[in-house]
Amino acid sequence: MRSSTAPASGLRLGVFLLMLPLLLWLLLLILLPHVDMVLVSLRERIGFAEHRFSWMHYELFFTESLYWRTFLRTALISIFTTVLTLVIAFPVAWYIAKLVRGRRRTLLFLACLVPFWVSELVRTYGWMILLRESGVISGLLQWSGLAAEPVEMLYNDVAIMVGLVYASILFMLVPLVTTLDSLDDSLVEAAYDLGGNHLSVARHIVIPHAMPGIVSGSIVVFMLSVGNYLTPVLLGGKDSMWFTEQIFTQFITRFNWEQGAAFGVLLLVLSSLIVWSGLKLTRQSFAETMR
Amino acid sequence: MPPTDTILDLECQQLSKSFAGQAAVDNISLSIPSGSFFSILGPSGCGKTTLLRMLAGFVEPDSGDVRIKGHSMLGVPPNKRPLNMVFQHLALFPMMSVADNIAYGLKRRGTSRSEIARRVADVLERVGLPDVGQRKPDQLSGGQKQRIAIARCLVLEPAVLLLDEPLGALDLKLREQMKLELKQLQQTFGTTFVYITHDQSEALVMSDQVAVMNQGRFEHVASPQTLYYQPATAFVAGFVGDSNRLSGRVEAPGRVALASGRIIHATAAGATPADRGAPVSLFVRPEGISPLLPGQPCQMDNCLDARVSTLLFDGANSRIGALLDEGTELTVRLPQTPEFAQLRPGDRLQLGWMGNQAQYFAAPAL
C-alpha cells in the first residue's frame, strides 16, 4: 500500500510543479488583475480615498451614446476584418498546404513570418509611409496621372482595416495551413471523381474539414483586432474612434480608473459574447475547435 | 477505328506519360470489353497508378487517347467522366454519414431528393448493408467501409469502375473474403471493373483478364490461366506465381545447359525464341517439381539428385529448400502426404519434372 501511494503522490507533486508556472501566470497576470478591475469598476469615488458600491460606470456606457457607439464600431470593423482576413488567408493557406512542397513551402511560410520580426510600431509606420498624403501610393498616382493632386488615404476605417488585416493574417494562416495540411488529398480527388465542381468540393469537403482552423483563426484575429490599440490610433487618426482608445483616455488622460476599468470589463464581456454567438451561429463548439 | 461486334467500355490508344524525362507509362494500348473484370498487375513503381490516374482524368497523358464507350476523354475533367474510382484508402468523407457519402454524387447531378433516398437505400441493400445509412464512416469495419466505397461509386452507374489497390489496408483474412465479395459485386452489378494491384493472388482470383505491367509497359495481357501456364516474357514468368529461376544456355531446342554442364529439358517460350548457344533464363515452379524419396523411381524428363537444406512449414503451402549437388538451390512444394512429413534437413531426395513444366526465355542482352 505504502509503496504504491508514494509514487502516486510523487507524480502528483511533479505534475503540480510542472503546472506551477502556468498557474502562477494565469493567477497573477490574468485572474488577479481582472478581479481587481471588476472591483475597481464597481465603486464610485465620493471623496478623497472614499468609495462606495455603484453601477454608475456601467450605466454610463449604455446611456452615453459615444461610448456604446464606439464599441459597436470597433466590434463591426473587427468582425469585417476577421472575415476579410479569412478570405485573404484561405487561398494562401491552400497554396502553402497543398500546392507547394519541400523547400519552397518552408520559404513561403517564412515569408509570412518575417514581417512579425519587426515591431508592430515600425510595421504600422510602414503603412503610414505608403498611405499618407505625401506617401508612396499618392505619389505614384500623381506621377501616373491618375490623380491630379495628393490623395490622403490615411485616417479612415479602410486604413484601419488594412492595418488590422496585415497585423493579424499570420494568426489566421497558421491554423488554416495546419488543418488543410491534414486534409487527405484523395478526399478532394474523390469528390471531383464523384462529379463535384470547385464550388461544391470547397463547400462540402474542404471547408467542413478546415472548420476547426477557420474557427480558431477567426477567434484569435477578432480578439486581437478588438483589443488592438496601436494600429487604429496611428492609422485611424482623430476621426476613427476605437474602443481601446476610450479605455486609454479614461485611465491616462482623465485619470478615471473606475470608468476605465468598467470599459475594460465591458470589452472583455462583450467581445466574448460576440465570439460565443459566432460559435452558436455557425454551430461550432469551442471544445471541438481546440481538439 | 473499325466497329467491332463486342462493346468496348474502355480503350486506350498508345498512351504515354513521362515525369521529368522518365517514362511512367510508355505507349500502352488496351481495350476492355463491357462487363469484364480487368486487372493491371505490377510491382510498385511500374506506372500502374499513373495509368489509372490518366483513366480517371487526374493526370493528362503526354500522347495517346482514352476512350470510354467510344468517346474520347481527352480534356474531359474527372468530374465529367462516366467512370468512378475507389481510392486506395477509400477516401470516404469522414464528416458525412454513410448515406450522405453515397448521395454525394447524385446530389451533384441534381437528382431529386426522393430519387436519391430510393437509390441510396437500393444500393445499400445490394451491397448487403441496409442498416448503416445513418452511421459515420469511422463507425464501420474495414470490410464494410470497402463495400460503402464501392456503393458510393456504383450508385452513379458508371461505365467503368476503377479500383486502386483497395484491399491493401485490410488484414489477410478479410482480404481473402473481400476478393470473393468484390468478384460477386462485379457480377451482380455487371459494371466493368479495372483493378490495380501488386498482389498477384488478387489479380488471378478475381480477373477475367490481367495485364502484367513492368516499367511503364504491358508485358502480357491474358487470362489468369494463360499468364500462369504460358507466360509471354521472363518477367511475367518470374512475377506471376512463384518460380525458380535458373540461368543457362540453349544447347539444342528444348535442352538448356546450366553453368554446371547439367542438361535440363524445357520448353522454349517468349515471342523471340532463343538461338542455339544464347543465354536464357529458365523458370520452373515449386508446384511443378515432384520430390521423390529414395527408392521411388523417377520417370520424368528431368531427374536431379538433391539434399533438403531447409524446411519452410506453412500448412498447405509448405516448401522445401532443396540443394542440388552443384550448389544450386530450388524451392519445391511439399506434398501433403504422410511420407513427406518425416522429411528433415539433410535428407536426400530426387527432384523430377516434365519438360513442359519448365520454360526458358531469351535472357535480356546485358
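Going down the list, the sequences are from chains A and Z. Per my numbering, the first sequence runs over residues 72 to 362. Per my numbering, the second sequence runs over residues 2 to 367. Yeah, the Cβ is synthetic: ideal placement off N, Cα and C, and Gly gets one too.
Residue j beta carbon less than 8 Å from that of residue i
i	j	result
A:Ile167	A:Val248	yes
Z:Leu75	Z:Asp66	yes
A:Leu225	A:Arg203	yes
Z:Ala307	Z:Leu352	yes
A:Pro221	A:Ser209	yes
Z:Gln201	Z:Gly239	no
A:Phe132	A:Trp126	no
Z:Asn215	Z:Phe194	no
A:Ile318	A:Ile231	no
Z:Gly338	Z:Gly322	Strictly speaking, residue 338 of chain Z in this sequence is Thr, with Gly absent from that position. Their beta carbons are not under 8 Å apart, which means Z:Thr338 does not touch Z:Gly322 by this criterion.
Z:Ala368	Z:Leu283	The structure shown does not extend to residue 368 of chain Z, since chain Z is modelled only from 2 through 367, so no value can be given for it.
Z:Gly58	Z:Ala25	no
A:Pro246	A:Gly284	yes
Z:Leu186	Z:Val87	no
Z:Val124	Z:Ala100	no
A:Leu103	A:Ser289	no
A:Glu329	A:His128	yes
Z:Val281	Z:Ala364	yes
A:Leu235	A:Thr152	yes
A:Leu251	A:Ala120	no
Z:Val77	Z:Lys18	no
Z:Asp302	Z:Gly217	no
With 16 other Cβ atoms within 10 Å as the buried cut-off, status of residue i
i	result
A:Ser296	buried
A:Met90	exposed
A:Ala358	exposed
Z:Ile264	exposed
Z:Pro44	exposed
Z:Thr393	Any property of residue 393 of chain Z remains undetermined from this structure, which presents chain Z solely from 2 to 367.
A:Lys309	exposed
Z:Arg148	buried
Z:Ala342	exposed
Z:Thr189	exposed
Z:Pro138	buried
Z:Pro346	exposed
A:His269	exposed
Z:Gly56	The sequence shown places Leu at residue 56 of chain Z, rather than the Gly named in the question. Buried.
Z:Phe219	buried
A:Glu130	exposed
Z:Pro79	buried
Z:Glu203	buried
Identity of the residues DSSP links to residue i by a beta bridge
i	result
A:Trp347	Answer is none; A:Trp347 lacks a bridge partner.
Z:Leu331	Z:Ala323
A:Glu220	DSSP, once it has assigned bridges, lists no residue as partnering A:Glu220.
Z:Ile265	Z:Val257
Z:Cys304	Z:Gly353
Z:His199	Partner(s): none; Z:His199 has no beta bridge.
A:Phe161	None, per the DSSP bridge assignment.
Z:Val161	Z:Leu84 and Z:Thr193
Z:Ala361	For the record, residue 361 of chain Z in the displayed sequence is Tyr; it is not Ala. DSSP lists Z:Ala269 and Z:Leu283 as partners of Z:Tyr361.
6 Å CB neighbourhood of residue i in its chain, flanking five on each side removed
i	result
Z:Glu327	Ser261
A:Leu201	Val207 and Ile208
Z:Val133	Val99
Cβ-based neighbour list, residue i, same chain, cut-off 7 Å, excluding 5 preceding and 5 following
i	result
A:Leu179	Ile167 and Val171
Z:Gln89	Asp165, Glu166, Pro167 and Gly169
A:Tyr263	Val272
Z:Gly191	Gly36
Z:Leu175	Gly143 and Gly144
Z:Arg320	Pro287, Leu313, Thr332, Val333, Arg334 and Leu335
Z:His221	Val213, Leu228, Pro232, Ala233, Thr234 and Val237
8 Å CB neighbourhood of residue i in its chain, flanking five on each side removed
i	result
Z:Ser32	Leu9, Leu11, Glu12 and Cys13
Z:Asn102	Leu93, Phe94, Pro138, Ile149 and Arg153
A:Val346	Ile290, Phe293 and Met294
A:Val109	Ala332 and Val336
Z:Lys184	Phe38, Val206 and Met207
Any non-hydrogen atom of the ligand FAD closer than 7 Å to residue i Cβ
i	result
Z:Leu173	Although the ligand FAD was asked about, the structure shown includes no ligands whatsoever.
Inset, instruction - Determine which residues of the segment 90-118 of chain Z have a Cβ less than 7 Å from any Cβ of chain A, and write them out in chain order. - result: His90, Ala92, Phe94, Met96, Tyr105, Gly106, Arg109 and Arg110
Legend entry - Residues in the segment 256-276 of chain A having any Cβ partner in chain Z nearer than 8 Å: Those residues of the segment 256-276 of chain A that come within reach of chain Z (Cβ to Cβ, closer than 8 Å) are Ser257, Leu258, Glu260, Ala261, Ala262, Tyr263, Asp264, Leu265, Gly266, Gly267, Asn268, Ser271, His275 and Ile276.
Legend entry - chain A contacts made by the segment 213-224 of chain Z, where a contact means CB separation under 9 Å: Those residues of the segment 213-224 of chain Z that come within reach of chain A (Cβ to Cβ, closer than 9 Å) do not exist; the list is empty.
Inset, instruction - Name, going along the chain, the residues of the segment 147-163 of chain Z whose beta-carbon falls closer than 9 Å to a beta-carbon of chain A. - result: Within the segment 147-163 of chain Z, the residues whose Cβ lies closer than 9 Å to any Cβ of chain A are, in chain order, Ala150, Arg153, Cys154, Leu157 and Leu163.
Inset, instruction - Pull out every residue of the segment 276-307 of chain A whose Cβ sits closer than 9 Å to any Cβ of chain Z, in chain order. - result: Listed by position, the residues of the segment 276-307 of chain A near chain Z (Cβ gap below 9 Å) are Ile276, Pro279, His280 and Met282.
Inset, instruction - Would you list, in chain order, the members of the segment 303-319 of chain Z that have their beta-carbon closer than 7 Å to a beta-carbon of chain A? - result: Residues are counted here when their Cβ sits less than 7 Å from a Cβ of chain A; for the segment 303-319 of chain Z the count is zero.
Legend entry - Members of the segment 48-63 of chain Z that neighbour chain A once the beta carbon cut-off is set at 7 Å: Ala57 and Phe59
Inset, instruction - Scan the segment 25-41 of chain Z for residues whose Cβ lies nearer than 7 Å to a Cβ of chain A and list them as they occur along the chain. - result: none
Inset, instruction - Taking only beta carbons into account, state which residues of the segment 69-88 of chain Z come closer than 7 Å to chain A, listed in chain order. - result: Answer set for the segment 69-88 of chain Z: Pro79, Asn80, Asn85, Met86 and Phe88.
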